[in-house]
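Step one of this worksheet: look at the structure below.
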Amino acid sequence: MEEIVLKWLKTKRNYIYFNIQESDKVLEKFSERISELLFSSRMHIEELEASESYIIQKRNNLITIDYDVPTHHKQTYKSYNVDRNEYIYDKAMMHQFVNTIDERNTPQNKSIIFSFLEEIKHRHDVLNKFIEKHDKFSYKKFFDDFKASITDELLESIYEQFMRSDFDYKSFYEDFKLRYLDRMQSAVSHIEELGIFYPFKINHDIFAKKHYLLEINHLKFLKKDVTLMHKINKFHDKYGVNCDKSKPLFSLEAYFAHPGGMLVPQIFAYFDPFKYKEKYMQPDNMYLFEFVKRSDHNLEEFIFALFDLLNMIQYSVIRFQHENLIDMIITNRSLDRICTLEELIEKQIKQLSTVPENDLEIEVLNFFHKKCKNKELTMFSTIDDLGLEINIEPIKSFAQIMLIGLQTILGKESSLEHIITIYQNSAANLIQKYHLNKKCQTIIFNTITDLCIFYNDTQKEKLSRRLNSTLYDVYTQRQKLDFYNEVNFNFVDEFIGQNKEKFEIYKPCKIGNKYLMYF
């Protein structure tokens, strides 16, 4: 079962990993994945709060999962999470190294050895200075033992020896193998896959002026923050945005189109499969999966379909409650609505149009917009009412969830009980396709309830409220908030209009003391 969960996670960008079977360039692949994830946060790592994560290791066909959570409120992503990423990077580097180097006296081998020794020294002089000594997700001691014998003088001596024609490479390699290679081989032996999964932050105060690596929060760039220009500048400068003329310009529209402000289920896992696994994939609660197997359905296909559905629902139910939270604060002072259904659709189309992967969402929203203009789409319409000429799953389910999301965002009198009911109804196609019985349906409905209430105790939740207890606590703290003094819904449009020429140009990036431009 864990293999299937891991396979589903591999389709999502917030699981970063290396797998020895996928490519001989494990280090390059891992580096690409972590770079993509960090870039999607739209903040430099120095501006990010610490994040919980899962460290996942597959070794000798055994999968182990360690839940890793910050223990102190002052910890940041840089002081807490970066060394977790480096823990995996270190193992990927060692695996690639021991499987690339050999005893032949070639310029390539010498270059690899020299680069590796430089990297060991560099990582302890610069990168790993904040790693805690006894952190179990750290190779500090391992690399400290190596680094003790690596000095600038030694590196210079090795370089000079490599340049000599009479250099005894065989003796050097035997000594190098004994000192470094054999120990690294032992450290990475039998590792098949090692990765880290970053779940989305869902239980936070969306009004706080904090940023997380991954968070469901469409107010991320709408909160009035005098330091925001500095943060946006830092992101562009330190990540070298638009310094490569061989690539299209990265627009400000794309910058503000972050995954926590819109539903991008094909790319990100909003749903935490490990929380689900803890409750619903234990031996005494496996009825649903046993039923699917007994019915001769493909279990992996079913789990993928179920997780894809839950992934869309997880984002939608949180975004829905966030809108309720905003509405409750606003209506304490005014009965004005935020926008009409048609305006909301237009706003979402504009947001999604900057991201190429959102073609399906845009197509569905354009369909809704047309129906809205023709007065065929109301707050109570269903997909069948609108005559969507698509009967392909999961596209129809996806369209239904998008419609529910639009309707419920503007639904003023929607209780938590109502939220749960409408999203339970969105599972109808899955239930019908796999001919699930009542007990299976109950398990799925209970799961959707858990997603709505953040796995809190159902008995303690007041379903007559419009928010679960976690978000209701945010409301009680923020109910007297001067909303329009704290939030500017026009900020993104205003910022783009004022700063487009400044950011959307090719410019060199600073690396060390040099400025470089790529062509």
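The opening position of the sequence shown corresponds to residue 54 in the working numbering, with each subsequent residue numbered one higher.
Note that the Cβ used here is the ideal one computed from N, Cα and C, for glycine as well.
Delimiting residues of the beta strand (DSSP E) encompassing residue i
i: Ile108; result: Ser106 to Arg112
i: Glu15; result: Absent from the structure is residue 15, since the part of the chain shown begins at 54 and ends at 572.
i: Phe71; result: Tyr68 to Asn72
i: Tyr120; result: Leu115 to Asp121
Given residue i as reference, the closest of the options once Cα atoms are compared
i: Lys560; options: Phe303, Lys144, Tyr133 and Glu56; result: Phe303
i: Asn490; options: Gln401, Arg347 and Phe536; result: Arg347
i: Pro318; options: Asp546, Ile454, Leu397 and Ala240; result: Ile454
i: Ile108; options: Asn543, Val122 and Leu91; result: Val122
i: Tyr525; options: Ile98, Val540, Asn538 and Asn509; result: Asn509
i: Gln161; options: Tyr120, Leu207 and Tyr222; result: Tyr222
i: Ile118; options: Glu172, Val151 and Leu247; result: Leu247
i: Ser94; options: Glu209, Lys300, Tyr265 and Lys423; result: Tyr265
i: Glu209; options: His289, Asn286, Glu171 and Tyr476; result: Glu171
i: Phe507; options: Tyr368, Val417, Gln485 and Leu456; result: Tyr368
i: Leu281; options: Ile484, Phe548 and Tyr226; result: Phe548
i: Asp349; options: Ile211, His488 and Val151; result: His488
i: His375; options: Glu395, Val345 and Gly313; result: Gly313
i: Phe260; options: Glu539, Leu430 and Leu413; result: Glu539
i: Arg531; options: Phe92, Asp258 and Leu456; result: Asp258
i: Leu207; options: Lys174, Ser239, Phe220 and Ser224; result: Lys174
The alpha helix (DSSP H) enclosing residue i, as first and last residue numbers
i: Asn286; result: Leu281 to Lys291
i: Leu208; result: Asp205 to Met216
i: Asp546; result: Phe544 to Phe556
i: Cys493; result: Lys491 to Ile506
i: Asn364; result: Leu352 to Ile383
i: Val317; result: Here Val317 belongs to no alpha helix (DSSP H), and DSSP marks it neither H nor E.
i: Met334; result: No alpha helix (DSSP H) contains Met334, which DSSP labels as neither H nor E.
i: Lys78; result: Looking at the DSSP string, Lys78 is not in any alpha helix (DSSP H), and its letter there is neither H nor E.
i: Pro160; result: Pro160 to His175
i: Leu59; result: Glu55 to Leu62
i: Arg232; result: Taken as a continuous stretch (DSSP letters only), Arg232 belongs to no alpha helix (DSSP H), as it is neither H nor E.
i: Ala481; result: Ala481 to Lys486
i: Tyr537; result: Phe536 to Glu539
i: Ser468; result: Here Ser468 belongs to no alpha helix (DSSP H), and DSSP marks it neither H nor E.
i: Arg519; result: First-last for Arg519: undefined, no H or E at that position.
i: Ile415; result: Asp412 to Lys426
i: Met146; result: Val135 to Val151
i: Tyr340; result: Tyr340 to Arg347
Whole-Å CB distance - residue i paired with residue j, under 8 Å assumed
i: Ser522; j: Lys513; result: 7 Å
i: Met237; j: Met147; result: 4 Å
i: His243; j: Lys273; result: With 8 Å as the limit, His243 and Lys273 do not qualify as a contact, their Cβ atoms being about 41 Å apart.
i: Tyr130; j: Leu101; result: 4 Å
i: Ala452; j: Ile473; result: Not confirmed; about 21 Å, so no contact.
i: Leu504; j: Ile366; result: 6 Å
i: Ser479; j: Ser450; result: 6 Å
i: Ile269; j: Arg157; result: Not quite, the Cβ-Cβ distance comes to about 52 Å (not below 8 Å), so this is no contact.
i: Phe327; j: Ser106; result: Actually they do not touch by this definition, with Cβ atoms about 10 Å apart.
i: Ile501; j: Gln477; result: 5 Å
i: Ala358; j: Leu456; result: About 19 Å; that fails the 8 Å criterion.
i: Lys459; j: Phe420; result: Reading off the sequence, residue 459 comes out as Leu, not Lys. Actually they are not in contact, since the Cβ atoms of Leu459 and Phe420 sit about 12 Å apart, beyond 8 Å.
Spatial neighbours of residue i in its chain, beta-carbon cut-off 7 Å, leaving aside the 5 residues before and after
i: Ser468; result: Leu516, Ser517, Arg518 and Arg519
i: Asn364; result: Pro318, Ala322, Tyr323 and Phe324
i: Leu231; result: none
i: Lys263; result: Glu102
i: Val10; result: Any answer about residue 10 is impossible in this case: the structure gives the chain only from 54 up to 572.
i: Glu334; result: Reading off the sequence shown, one finds Met at residue 334, where the question assumed Glu. Met54.
i: Lys492; result: Tyr340
i: Val345; result: Leu352, Phe355 and Tyr487
i: Lys553; result: Leu305
Cβ shell of residue i (< 6 Å), same chain only, five flanking positions each side left out
i: Ile57; result: Glu353 and Ile356
i: Lys465; result: Note that Lys465 has pLDDT 48, beneath the 50 cutoff, so the model's placement of it is unreliable and no number is given.
i: Leu59; result: none
i: Arg390; result: Confidence in Arg390 is poor, its pLDDT being 41 and thus under 50, which makes the residue's placement unreliable; the coordinate value appears in the next sentence. Counting only Cβ-Cβ distances below 6 Å, and skipping sequence neighbours, we find nothing.
i: Glu470; result: Leu516
i: His271; result: Gly314
i: Val294; result: Phe303
i: Lys182; result: Bear in mind that the predicted position of Lys182 carries a pLDDT of just 44, short of 50, making it unreliable; the figure below should be weighed with that in mind. Taken in chain order, the list of residues that qualify is empty.
Contact set for residue i: own chain, Cβ-Cβ below 8 Å, skip 5 residues either direction
i: Phe215; result: Lys163 and Phe167
i: Tyr528; result: Leu378, Met381, Ile382 and Leu520
i: Val151; result: Leu234, Met237, Gln238 and Val241
Heavy atom of the ligand NAD within 7 Å of residue i beta-carbon
i: Ile371; result: Within the structure as shown, the ligand NAD is missing, as the structure has no ligands at all.
The segment 316 to 336 / the segment 62 to 78 touching (three or more Cβ pairs under 8 Å): yes
Inter-stretch contact at 8 Å, needing at least 3 Cβ pairs: the segment 329 to 348 / the segment 497 to 506: yes
Segment contact, 8 Å Cβ cut-off, at least three pairs: the segment 377 to 384 with the segment 80 to 92: no
At least three beta-carbon pairs within less than 8 Å, the segment 258 to 278 to the segment 535 to 554: yes
Stretch pair the segment 251 to 261 + the segment 112 to 127: three plus CB contacts closer than 8 Å: no
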